[in-house]
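2 protein chains.
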Amino acid sequence: MAAQDADIFDDMRHRLITGEFGYGTKLRAEKLRQDYNCSASTVREVLFRLSTVGLVDFQEQRGFRSPYQSVERQHELTHMRILLETEGACLSIRLGGVEWESRLTAAHHKLSHIETRVRSSGDLIPLLGLWSRAEQEFHETLIDACGSGLLKRTHVVIYEQFRQQLVSAETNYGYFPENIREHQAILDAALQRNEDLMRVCVNDHLARNLTRPLPRKSYPDAFGKSSAI
Amino acid sequence: MAAQDADIFDDMRHRLITGEFGYGTKLRAEKLRQDYNCSASTVREVLFRLSTVGLVDFQEQRGFRSPYQSVERQHELTHMRILLETEGACLSIRLGGVEWESRLTAAHHKLSHIETRVRSSGDLIPLLGLWSRAEQEFHETLIDACGSGLLKRTHVVIYEQFRQQLVSAETNYGYFPENIREHQAILDAALQRNEDLMRVCVNDHLARNLTRPLPRKSYPDAFGKSSAI
DNA sequence: TTTTCTTTGATTTTCGAAATTTTGGGCGTA
DNA sequence: TACGCCCAAAATTTCGAAAATCAAAGAAAA
Chain A
898 MAAQDADIFD DMRHRLITGE FGYGTKLRAE KLRQDYNCSA STVREVLFRL STVGLVDFQE
958 QRGFRSPYQS VERQHELTHM RILLETEGAC LSIRLGGVEW ESRLTAAHHK LSHIETRVRS
1018 SGDLIPLLGL WSRAEQEFHE TLIDACGSGL LKRTHVVIYE QFRQQLVSAE TNYGYFPENI
1078 REHQAILDAA LQRNEDLMRV CVNDHLARNL TRPLPRKSYP DAFGKSSAI
Chain B
898 MAAQDADIFD DMRHRLITGE FGYGTKLRAE KLRQDYNCSA STVREVLFRL STVGLVDFQE
958 QRGFRSPYQS VERQHELTHM RILLETEGAC LSIRLGGVEW ESRLTAAHHK LSHIETRVRS
1018 SGDLIPLLGL WSRAEQEFHE TLIDACGSGL LKRTHVVIYE QFRQQLVSAE TNYGYFPENI
1078 REHQAILDAA LQRNEDLMRV CVNDHLARNL TRPLPRKSYP DAFGKSSAI
């Protein structure tokens, strides 16, 4: 029975990302110990490792919780995704070769196929898991040739927290036609190797998750102070 | 005897950041257990938490190590710092008020004071710890008004790993005059609320840690393919 | 000599219980 | 009723040892 710890870790991560636990729910060690038939320390260890990647909140002497959901958090995660994905995608354009292009095209094809099925059936729910993974694959491939493992790891961490925050499939489904168009636009920008266009596309695609706009750029006025805000 | 765990965590973090353990050194649980007079599980837990913030590498079944040093790693950390600090600083310019300006000025003053002392004594070593902390304080204040806790937390994580990688105080000292000038330039850009200038200043300040330039922007040529590389 | 297998010692992982700390309720007092 | 205090239950943290796994050295085979 190898790597029991790793199995529990993966399973817990899946349960957390799919939102099985409510937001802010306390993760009781005893309960999980029974779920996995292991000791309390093992559970504790796994939860620590999950807090490593932001999927679990840890507070000294008061245990572990599934993170709270808030507009702030969603906002910050989106902002970070925009920052990392635009940078990663532009670097990929600079550094990636035909091999990267082909992998991105493949990922888009798979995603596109699922999106078409969803649109024709009119129901996202049964394909939600499939679609979710395909979208993640597409976005990860987008930045895959950026040349920085650190950037990619950081992005995964943010992406999974982002995914965890999305509750209702319905909300998401409302934007499905836009989604399809935007993914296509991103692919096109990549194949055209147009960085400025890429920035715009990624921004447009992600900014939909913002309930209020990101702060606009300010320009110094006569006094050298900000004129915005 | 409250919060023993937290104390061990802080102490270990300090030891790691100051480079007490060599790069890639195995962190033996037994040794640390004796250092802190605690049990193996406590050590294990602390090491897990330190791997949370990238100060320790963890590999299943083969324990914990102080991270290896490599040009790649230094490069990636620098790149990430540039990305996060330029974004954070520009957002602070947009969102921060006079209160932020004054805190940044204060942090700069403290740092500047130490730097002057270093330059007049001609020896960085005795003030290294002090200077190190003052520089961190300055850089953290720079992005402090950015409005995103996530961005700030991510920055700390990157910054500490970056600090851990810097070995020789000598190498650093070679650039001391530049450092002083650059910190001043960053402060000026902040007070002028000039975002474009800020980007340039932060870039110049950090890019010195790169042994080779970051990939330059590519422009689509007639075939829509990259012309750089 | 080189390769592969096996044994042994060291390290990591897991366990269940004891010690510590927090949480929540009940009680008395203002 | 509101407030503070104390106690009991529940949860978290720490412990030391047992179980599982890995790594190095030596023996056997090619």
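For the record, the sequence lines run as chains A and B.
Under our numbering, the first residue of the first sequence carries the number 898, and numbering increases by one thereafter.
Under our numbering, the first residue of the second sequence carries the number 898, and numbering increases by one thereafter.
Glycine included, C-beta positions come from ideal geometry on N, C-alpha and C.
Scanning chain A for C-beta atoms nearer than 9 angstroms to the C-beta of L1048 (chain B) yields E973, H976, M977 and L980, reported in chain order.
Taking the CA atoms as reference points, I914 (chain B) sits about 18 angstroms from D932 (chain B). For R962 (chain A), the three-state secondary structure derived from DSSP is strand. One thing to note: V1015 (chain B) has its Cβ no nearer than 7 angstroms to the Cβ of L1008 (chain B). Taking Q1058 (chain B) as reference, the option from B:S999, B:V1099, B:Y920 and B:D902 with the minimal CA-CA separation is B:Y920. Taking the Cα of H1010 (chain B) as reference, the smallest distance to any Cα among B:A986, B:S1029 and B:M977 is reached at B:S1029. For P964 (chain B), no chain A residue has a Cβ inside 9 angstroms of its Cβ, as the nearest lies near 11 angstroms away. Looking at the backbone, the Cα of R1078 (chain B) and that of H1052 (chain B) are separated by about 23 angstroms.
Residues of chain B with a Cβ closer than 7 angstroms to the Cβ of S948 (chain A) are, in chain order, T949.
Short of 6 angstroms from the beta carbon of R930 (chain A), and not among the five residues preceding or following it, lie these beta carbons of its own chain, in chain order: A937 and V940. Across the structure, G993 (chain B) and D904 (chain A) are spaced so that their CA atoms are roughly 45 angstroms apart.
By the C-beta criterion, the region 1030-1044 of chain B is judged not to be in contact with the region 947-956 of chain B, since fewer than 3 inter-stretch pairs fall below 8 angstroms.
In terms of Cβ geometry, G951 (chain B) and V1054 (chain B) form a close pair [threshold 7 angstroms]. With a threshold of 16 other beta carbon atoms within 10 Å, P1023 (chain A) falls short and is exposed. Residues of the same chain with a CB within less than 7 angstroms of the CB of N1106 (chain B), apart from the 5 flanking positions on each side, are Q971 and T975 in chain order. Below the 7 angstroms Cβ cutoff, chain A contributes E942, F945 and R946 as neighbours of F945 (chain B), in chain order.
For Y1072 (chain B), same chain residues with a beta-carbon under 7 angstroms away, outside a window of 5 residues either side, are R1105 in chain order. Look at the beta carbons and you see the region 981-988 of chain A touching the region 1085-1100 of chain A: at least three pairs across the two are nearer than 8 angstroms. By the C-beta density criterion, N1091 (chain B) is buried, having at least 16 other C-beta atoms within 10 angstroms. The shortest CA-to-CA distance from R962 (chain A) to any of A:G916, A:R1000, A:H1005 and A:L988 is the one to A:G916.
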